[in-house]
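Take a look at the structure below.
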Amino acid sequence: MHQIALGVTLLFLALLVAMVAALAFEEKLHARKSLITGTAAVIAVFLAEVFHVLPIGPVVNVFKEKLHIPVYIAGIEWEVIAIIVGSSLFVDVASRSGLFTWIAIKLTKRSGGDPRMLLYFYSLLTILFSAFLNNVTAMVIVGSLTAVSLERLNRKSLLLAFLLVEGFLTNVGGLLTLISSVPNIIVGQAAGITFLQFMLKSTPYVLLAAVATVLLAQMRYSIPSLQSDEERALAKQRVSAFDENDGIHSPRFFYTSGIMAVLLILLFATTSYLPYLRDLGLGFVALSFGILMLWAFKHEVGKFYSGLDWDLVWFFMTLFVVINVMEHAEVLSLIGSAIGGIIDLGDVIGSAGLLWCSAAASSVTDNIPLAAVLAKVLKAKETLPDSSLWWSVIFGSNLGGNLTPIGSASTVVAVTIMHKHEIRMSFIGFIRAALPFALLQIILATAYLLLFL
Amino acid sequence: MQIDEFESQFKSALKEHYTYGPVSIESCALITDLVGADAVRLTNIVKRLVPELPGTPYQRTERLSWHTLGGDRYSSVKSMLAEVEKIRPDILVVQRNLKTDPDDLVCGLSNYLDALTQTCRTPVLLLPELTLDQLEEQISEPLEVMVQTPHLVGDSSLINWGLRFALPNGRLYLVHIENKRVFDQYIDIISRIPEIHTDIAQDSLREKLLSLPSEFIEQARSVLRSKEPMIDVHGIVELGHRIVDYRRLIETHNIELVITYTQDEHLTAINTIAYSLAIAFRDVPILLL
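If you're matching them up, the sequences are chains R and G in order.
All residue numbers for the first sequence refer to the numbering used here, where the first residue is 4 and numbers rise by one.
All residue numbers for the second sequence refer to the numbering used here, where the first residue is 14 and numbers rise by one.
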């Protein structure tokens, strides 16, 4: 890598700061994420060429063949894109089978309409869905059901409390597996953490944080439990009106989706141990399952392709281009030396400091660029795979999202559902409501990190 | 993935269920403007319309007490309501055009009936607009009973009342007619919105409008097959013109009693479809709940 002048590095740092600031004010700018990162990518690549930052030339593959690939394409982490596209396709097709609504309604009926039981079940559902689908889909499914079922039970006054808890738990559930959130995928790939290793380390914390969050919500919002037999009978009758089979149009597809979902999770968990697949990686597994599921709708696959969140895909692709340029412009080294100051404070304060800094940063801006930058920085510092620093970034970037309504995509969805049901929730109002929960989760994460990781 | 999409899925999964609950009538009051022997004669005719139930299939015998409020018992709406309040019957059987010239009631039911349907929670069985002799000839125990309302879904009481009159071995028609004129108006508006595919909207809307009452009726039929096997229950769900199509169904199936609902939390009784039907169908008894 050739020497870059400090002025050039600072120029690119300014561009990165501007992009992150624009992402933080995405709502005010009325511009989609992909447009912001796309614009930053265009400027970054152009400036990189002007200042000779990027090593322009043919790319050499493993067969020593020289390929003419545009320099900005080579910088994209295609494994991450493959996981996101494959998983999104799988979840989108599988959701048409009625599988997720079936599980959600079954649990609703099992609660007997008791608000406290409903809180427990919906919390469990939120964690499982955000762990194995993604946190936005989890929030959309559980949040929508919450609104409908609480209305059915004449308990709409509890909707705010339920949506807040579910929003907070999506980010806790997002810590359960390697594929539960994009920061996990990015940091996990960079650190070389396998699916199983990730889950074994994260599960105790997820359980602890989930129980603490639900108990705190139960106390703060006085979620009642039904007392009399009459109340219980009425509530049970009301929720029994839900028909879990309503969304199942083809039992065969329903069962196939269930089996495929279990298989996908098992393969994700064992990919790093299986021959062939261990080399092809999680992205291949996700894409394969996405494509296999599309056979259920073979005549209308276009609908699913257009249903993909292209804003998100473009966001990742252009973000990786920006980060690649920043790496060559030595911006990441500069950030790394700043973070190095925190890390050098020692195992205890360093790890805890990185976690809290990551949480604070991801509360005001997107946690994905943050995770991408920090993962690159830690990798450049040759951080060992079993270092707790990786987990500082994972915990911080996921849990920081609970501090503000713009901190994560799922809390944005929670606030959207609130507004849809005419619940007023200001930016400050959300922070006031969220602060005790977010602090509790971050304190627990810090303790867990220091004691067990 | 849209929030709306999942909310719709969950709302669609929410099915209103029919709850079987036998209706018991122990006290019945006839309000007429006839007096003396004519009032007594009318009471005896009307007893055929509201017969006492035999011991089966409800497994109990009703002891029905009758009260006759003849034209000499009240002189104003207020005094009539006071008399009704004293009796507190389970059902009121009311003669049409109470103390009003029929020629003055082309588009209404009379002040007395308006007051009963709007202020009184007691079901009102409105007699056909016939002379005493015609009533004597035509009124019999109803065997063909039609329960109809735009709010049939989720309303078990309507079906239970229908059941009370169709017992012990009559035929019960559960009818739901969706207003086609309103449907067409919405489709016309949708056809002017480029973002919404008109054909898909039309098919989906029609399918959902008709499937909800169809599913409810089917579920009610399945309950009644086990609870009241002697009653023949039919379901009719259509998109059409309410007055015209109800009239057609009444004539096609020789309906002897129509049961409909005037209670609507958003409308006063006088503004409900039941009120319009009561004015339009003057030749068949109508029970207004």
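Quick reminder that beta carbons are idealized off the backbone N, C-alpha and C, glycines included.
Does Gln-161/G come out as helix, strand or coil in the three-state DSSP assignment? strand
Separation of Ala-44/R from Val-322/R, as counted between CA atoms: Note on identity: in this sequence residue 322/R is Leu, with Val being the wrong assignment. Going by the C-alpha atoms only, they are around 7 Å apart.
Would you verify that the beta carbon of His-30/G is, or is not, closer than 8 Å to some beta carbon of chain R? yes
Classify Ala-42/G as helix, strand or coil using the three-state DSSP reduction. strand
Could you tell me whether any Cβ in chain R is nearer than 8 Å to the Cβ of Ser-25/G? yes
Pick helix, strand or coil for Ile-352/R, following the three-state DSSP scheme. helix
Between which two residues does the beta strand (DSSP E) harbouring His-189/G extend? 184-192
Could you round the C-beta distance between Val-137/G and Leu-105/G to whole angstroms and report it? I think they count as a contact, below 8 Å. 5 Å
Could you check which residue in Trp-81/R, Ile-326/R, Val-175/R, Lys-423/R has the C-alpha nearest to that of Gly-404/R? Val-175/R
Member of Gln-22/G, Glu-20/G, Tyr-31/G whose CA lies at the smallest distance from the CA of Arg-238/G: Tyr-31/G
Scan the region 115-201 of chain R and note each continuous alpha helix (DSSP H) run of 4 residues or more that stays entirely inside, going in chain order. 118-135, 138-155, 162-176, 185-194
If you measure from the beta carbon of Ile-58/G to each beta carbon in chain R, is any gap under 8 Å? no
Assuming Ser-123/G and Asn-110/G make a contact with CB atoms under 8 Å, what is their CB distance in whole Å? 6 Å
When the cut-off is 8 Å and only beta carbons count, does Glu-247/R lie next to chain C? The chain inventory of the structure shown lacks chain C, comprising the protein chains R and G.
Where Glu-20/G meets chain R, residues with beta-carbon distance less than 7 Å: Ser-147, Ala-150, Val-151
Exposed or buried, which one is Ser-340/R when buried takes at least 16 other CB atoms within 10 Å? exposed
So is Pro-408/R buried or exposed if we call it buried at 16+ other beta carbons inside 10 Å? buried
Can you tell me where the beta strand (DSSP E) holding Asp-282/R begins and where it ends? Run containing Asp-282/R: none in the beta strand (DSSP E); it sits in the alpha helix (DSSP H), 280-297.
So, are the CB atoms of Ala-194/R and Phe-256/R less than 8 Å apart? no
DSSP state of His-424/R, grouped into three classes? coil
In angstroms, rounded to a whole number, what distance separates the CA positions of Leu-153/R and Ser-147/R? 10 Å
Residue-level contact to chain R via CB, Ile-16/G, 8 Å cutoff: yes
Cα-Cα separation between Glu-303/R and Trp-393/R, rounded to whole angstroms: 42 Å
Taking all protein chains shown into account, do 16 or more other C-beta atoms lie within 10 angstroms of the C-beta of Thr-414/R, making it buried, or fewer, making it exposed? buried
I'd like to check one pair, Ala-332/R with Ala-51/R: are the Cβ atoms closer than 8 Å? yes
Reduced DSSP category for His-331/R - H, G, I as helix; E, B as strand; rest coil: helix
Between the region 246-265 of chain G and the region 182-193 of chain G, do at least 3 Cβ pairs fall closer than 8 Å? yes
How do the region 129-140 of chain R and the region 86-106 of chain R stand: do at least 3 beta-carbon pairs fall below 8 Å, yes or no? yes
Taking all protein chains shown into account, decide if Asn-267/G is buried (16 or more other Cβ within 10 angstroms of its Cβ) or exposed. exposed
Along chain G, which residues have their Cβ under 8 Å away from the Cβ of Ala-244/R? Leu-27, Lys-28, Glu-29, His-30
For Leu-266/R, which three-state DSSP category applies? helix
State the DSSP-derived secondary structure class of Ile-226/R, mapped to helix, strand or coil. coil
Please report the straight-line C-alpha distance between Ala-25/R and Ile-371/R, rounded to a whole angstrom. 14 Å
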